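Novice: Dropping a structure here in structure tokens format, bear with me for questions.
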Amino acid sequence: MTDPQQALERLMAAALAAAFGSEYADADPLIRPSQFADYQANVALPLARRLGRPPRDIAADLAGHLSDSGVIERAEVSGPGFINLTLRDDWIAAQATGQLSDSRLGVLPADPVQKVVVDYSAPNVAREMHVGHLRTTIVGDSVVRVLEYLGDTVIRANHIGDWGTQFGMLLEHLLDVGEESANEQLAAGEINAFYQAANAKFKADPSFAERSRLRVVALQAGEPGTLRLWTMLINDTKKYYNTIYARLGVTLTDADLAPESFYNPMLADVCDELQAKGVAVISDGALCAFPPGFAGRDGAPLPLILRKSDGGYGYATTDMAAIRYRICDLHANRLIYVVGAEQAQHFSMVFAVARQAGWLTDEVSAEHAAIGLVTGADRKRFRTRTGASVKLADLIDEAVVRAEEVIKDRYDDPDLRAQIAEAVGIGALKYADLSVARDSGYVLDFDRMLALTGNTGPYLQYATARIRSIFRRAGIEPDSAAGPVRLTEDAERDLALRLLGFGAAVHQVSEGAEPHKLAGFLFETASAFTTFYERCPVLQAGDEAVRDSRLALSALTLRVLLTGLDLLGIPVPERM
Ligand code: ARG
């Protein structure tokens with residue numbers, strides 16, 4: 000099958016060459032979906048200056064040169080020089096029939112394939128994973144699923160915060176409460192309570208604060224007893240993240256951990272290299288890089304601090320080591336950092352310094368896939384009703400409990416009900432994250448995310464369940480529906496055309512690390528299916544060929560939705 004947009008691009012390239020000469024063949028024809036036709040080509044407008052002719056003339060010329068290739072029904076000039084393009088029904092039908100027999104549903108592999116490091120999730124040891132980490136986890140995991148589906152080699156990097164001066168107080172607190180009860184508390188996810196208790200003592204008790212400082216020194220010196228306790232603390236928190244990942248269906252494993260401490264042995268060398276290259280200089284006793292174009296409020300150049308005057312390294316140093324490692328040792332050619340938008344300046348500076356150092360080149364790209372804030376109804380950072388910051392496990396529980404409310408009248412079997420509620424609750428929570436442009440904030444609202452209508456996880460899950468039930472009633476397997484697709488009703492045509500855009504939607508996720516593009520596509524597809532289902536009887540269709548075609552369209556919709564939801568990481572219950 001061919002993606003309609005690609006087919007039109009090819010035809011326009013030929014028309015451009017035929018009308019204006021071969022040097023025009025590679026002008027971008029600017030094909031966009033259109034409200035007035037299936038697509039529109041906007042290329043005449045930018046060509047007007049180059050050709051010195053009015054855009055409407057150019058558009059008319061191009062429309063006249065669109066060959067009769069069996070693809071286009073009509074090409075009409077409109078407005079200042081748009082070409083409205085309507086596809087032939089039989090062409091759409093043939094492509095849809097082809098899509099049905101294609102195991103990849105028309106999704107072409109990436110070309111060229113890349114080696115991509117995706118840095119995501121990255122919670123901090125002994126700090127509760129908050130809703131912000133939830134979002135980087137969910138968005139990042141969808142991005143890696145899509146990149147792998149397209150054939151890229153993906154390295155997941157979970158850059159957890161397992162290093163820093165706060166470990167002094169955490170380890171002293173661990174000793175105070177005793178290893179065993181600390182283990183229990185942490186693995187149960189009482190991470191905030193643990194952290195806060197340590198922090199309170201640190202502030203109130205000078206002797207505890209002093210012990211904590213000595214403990215940091217011991218940790219940095221690699222004293223074996225201290226390292227053992229530190230490892231214990233990390234393992235306990237890891238256990239907690241892993242239960243969250245498993246429950247959310249996140250593909251991260253321990254093998255993907257690239258914690259801050261991993262880079263410790265590289266920090267001194269990274270500083271030396273940057274200094275030797277003249278990228279970093281000593282300023283007020285500290286080693287700093289001053290990437291061009293960054294200034295503080297007073298207009299003075301803004302430093303990226305690589306080594307403090309006391310010799311200590313920080314978050315930025317670790318990121319410089321990580322970026323060098325990912326480019327020079329892992330040989331990645333694309334780096335994606337799925338991290339909160341509030342770190343935008345940090346990453347711009349890290350990328351700028353890496354470019355000065357010659358690590359980032361034109362062959363390697365680095366992008367900060369910024370994540371917006373999740374807020375409560377009050378538009379402030381999301382908190383529980385008691386005002387405490389939310390424990391992620393509780394948030395997931397709440398989504399599932401509320402999902403059970405929504406579906407409770409439909410199922411008597413408690414096990415089945417619990418199973419469906421789990422998928423619906425988690426699907427709703429994840430989809431709420433994925434359906435919003437990742438860099439805009441959104442209000443976490445359980446009622447809205449669990450609604451069975453609108454752009455929600457449950458609506459999409461429900462669409463798949465409804466299609467499955469059509470096939471159950473028909474007594475046939477969706478996979479055995481082979482068409483051919485024939486289009487007579489508008490609703491059939493709309494659905495078929497929509498389905499052909501699946502490949503483009505998946506590629507859009509890869510381009511900007513933006514899962515919401517796929518979510519939007521799936522929602523529109525499910526909506527087109529809903530209209531089709533209301534207007535076009537499937538099993539009751541009188542004519543056998545019509546019934547076969549409608550079953551084929553239903554089966555294709557099911558496969559596109561299931562594949563798409565899987566790429567988003569949304570679980571799908573068989574029934575709903
Ligand atoms: N642990 C950090 C935080 O919670 C996020 C780390 C993101 N990745 C990175 N390479 N800096 O804010």
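Mapping the sequence shown onto numbering that gives the first Met the number 0, position 352 (from 1) lands on 351, and the numbers just tick up by one. Cβ atoms here follow ideal geometry from the backbone N, Cα and C, with glycine treated the same way. Fair warning: this is a prediction, and the values are worked out from it, not measured in the lab.
Quick one: what's got a C-beta closer than 8 Å to H132's C-beta in the same chain, skipping five residues either side?
Specialist: Correct list, in chain order: S120, A121, P122, L391.
Novice: Using the three-state DSSP reduction, which class does K238 fall into: helix, strand or coil?
Specialist: Three-state result, K238: helix.
Novice: I want to know whether the region 51 to 58 touches the region 93 to 107 - three or more CB-CB distances under 8 Å.
Specialist: Flag = no, the region 51 to 58 and the region 93 to 107 do not touch.
Novice: Which whole runs of the alpha helix (DSSP H) in the region 397 to 475 are 4 residues long or more, in chain order?
Specialist: Entirely contained in the region 397 to 475, the alpha helix (DSSP H) runs reaching 4 residues are, in chain order, 413 to 433, 445 to 448, 456 to 473.
Novice: Check the DSSP bridge columns for I30 and list the partner residues they point to.
Specialist: In DSSP, I30 forms a bridge with A40.
Novice: Got a list of residues with beta-carbon closer than 7 Å to any non-hydrogen atom of the ligand ARG, in chain order?
Specialist: Matched residues: D118, A121, P122, N123, H132, H158, I159, G160, Y314, D318, A321, Y336, V338, G339, Q342.
Novice: Does the pairing of the region 490 to 498 with the region 522 to 530 give three or more beta-carbon distances under 8 Å?
Specialist: Because the criterion of three Cβ pairs below 8 Å is met, the region 490 to 498 and the region 522 to 530 touch.
Novice: For T85, which beta-bridge partners are listed by DSSP?
Specialist: DSSP, once it has assigned bridges, lists R73 as partnering T85.
Novice: Can you check DSSP and say which residues form a bridge with R279?
Specialist: At residue 279 the sequence reads Ala, which differs from the Arg that was named. A279 pairs with A288.
Novice: Rounded to the nearest angstrom, how far is the Cβ of V442 from that of T374, given a contact under 8 Å?
Specialist: Correct: roughly 5 Å between the Cβ atoms.
Novice: Tell me which residues share the same chain as P28 and place their Cβ nearer than 6 Å to its Cβ, disregarding the 5 neighbours each side in the sequence.
Specialist: Contacts found: E8, M11, A40, V42.
Novice: Looking only at its chain, what residues have a beta carbon closer than 7 Å to the beta carbon of A285, apart from the 5 residues adjacent to it on each side?
Specialist: Here the set comprises I304, R306, K307, S308.
Novice: Measure the C-alpha to C-alpha separation of R573 and G440 and round it to an integer number of angstroms.
Specialist: Note on residue identity: the sequence assigns Glu, not Arg, to residue 573. So the two alpha carbons sit approximately 32 Å from each other.
Novice: Which residues bound the alpha helix (DSSP H) around R212?
Specialist: 205 to 219 is the extent of the alpha helix (DSSP H) around R212.
Novice: Report the rounded CA-to-CA distance for Y240 versus T250, giving the unit in angstroms.
Specialist: Y240 and T250: Cα-Cα distance of roughly 12 Å.
Novice: Can you check which of these residues, L329, T317, H506, D175, is closest to G160 by C-alpha distance?
Specialist: Ranking the options by Cα distance to G160, first place goes to T317.
Novice: For my contact list, G248 and G568 are in at a C-beta cut-off of 8 Å; report their separation, rounded to the angstrom.
Specialist: Indeed, because the Cβ distance is near 6 Å, the residues count as touching under 8 Å.
Novice: Taking the alpha carbon of A279 as the point to measure from, which residue in T230, A353, A294, D412 has its own alpha carbon closest?
Specialist: Comparing Cα positions, the closest option is A353.
Novice: Tell me the rounded alpha-carbon separation between L550 and D89.
Specialist: Those two C-alpha atoms are separated by around 18 Å.
Novice: Count the other C-beta atoms from every protein chain shown that fall within 10 angstroms of the C-beta of T452, then say buried if there are 16 or more, exposed otherwise.
Specialist: So T452 ends up on the exposed side.
Novice: What does DSSP give as the partner residues of I367 in its beta bridges?
Specialist: Note on identity: in this sequence residue 367 is His, with Ile being the wrong assignment. According to DSSP, H367 bridges with Y336.
Novice: Identify the residues that DSSP records as bridge partners of A505: which are they?
Specialist: Correcting the residue identity first, residue 505 is Val in this sequence and not Ala. DSSP, once it has assigned bridges, lists no residue as partnering V505.
Novice: From this set, Q355, K238, R246, which residue's C-alpha is nearest P291's C-alpha?
Specialist: Nearest option by C-alpha distance: Q355.
Novice: Report yes if the C-beta distance between R546 and A540 is below 8 Å; otherwise report no.
Specialist: Yes; because the gap between Cβ atoms is below 8 Å, this pair is in contact.
Novice: Since P302 contacts C287 with CB under 8 Å, what's their CB separation in whole angstroms?
Specialist: That belief holds up - the Cβ atoms of P302 and C287 are roughly 4 Å apart, short of 8 Å.
Novice: So, for A431: in the same chain, excluding its five sequence neighbours on each side, which residues have a beta-carbon less than 6 Å away from its beta-carbon?
Specialist: Once the five neighbours on either side are set aside, the close Cβ partners of A431 are M448.
Novice: Quick check on G131: does DSSP put it in helix, strand or coil?
Specialist: Three-state DSSP puts G131 in a helix.
Novice: Mark K407 as exposed unless 16 or more other C-beta atoms lie within 10 angstroms of its C-beta, in which case mark it buried.
Specialist: Classification for K407: exposed.
Novice: At which residue ranges does the region 175 to 206 contain complete alpha helix (DSSP H) runs of 4 or more residues, listed in the order of the chain?
Specialist: Runs of the alpha helix (DSSP H) inside the region 175 to 206: 178 to 186, 190 to 203.
Novice: Please report the Cβ distance between Y148 and V505, rounded to the nearest whole angstrom; I am assuming they are in contact, meaning their Cβ atoms lie under 8 Å.
Specialist: About 7 Å separates the two Cβ atoms, so the contact holds.
Novice: Under 8 Å, do I425 and V399 count as touching if we go by C-beta distance?
Specialist: Contact: yes.
Novice: So D2 and G511 are supposed to be a Cβ contact under 8 Å. How far apart are they, rounded?
Specialist: The pair is not a contact, with the Cβ atoms about 18 Å apart (cut-off 8 Å).
Novice: Just to confirm, are Y194 and R126 a CB contact at a threshold of 8 Å?
Specialist: Yes, the Cβ-Cβ distance between Y194 and R126 is below 8 Å.
Novice: According to DSSP, is T230 part of a helix, a strand, or is it coil?
Specialist: The answer is helix: DSSP assigns T230 an H, G or I state.
Novice: Based on Cα-Cα distance, which residue from G80, F445, S66, N157 lies nearest to D253?
Specialist: Among G80, F445, S66, N157, the Cα nearest to that of D253 is on N157.
Novice: Report the residue from E421, L486, D478, E491 whose alpha carbon sits nearest the alpha carbon of P457.
Specialist: Checked all of E421, L486, D478, E491; the closest Cα to P457 is E421.
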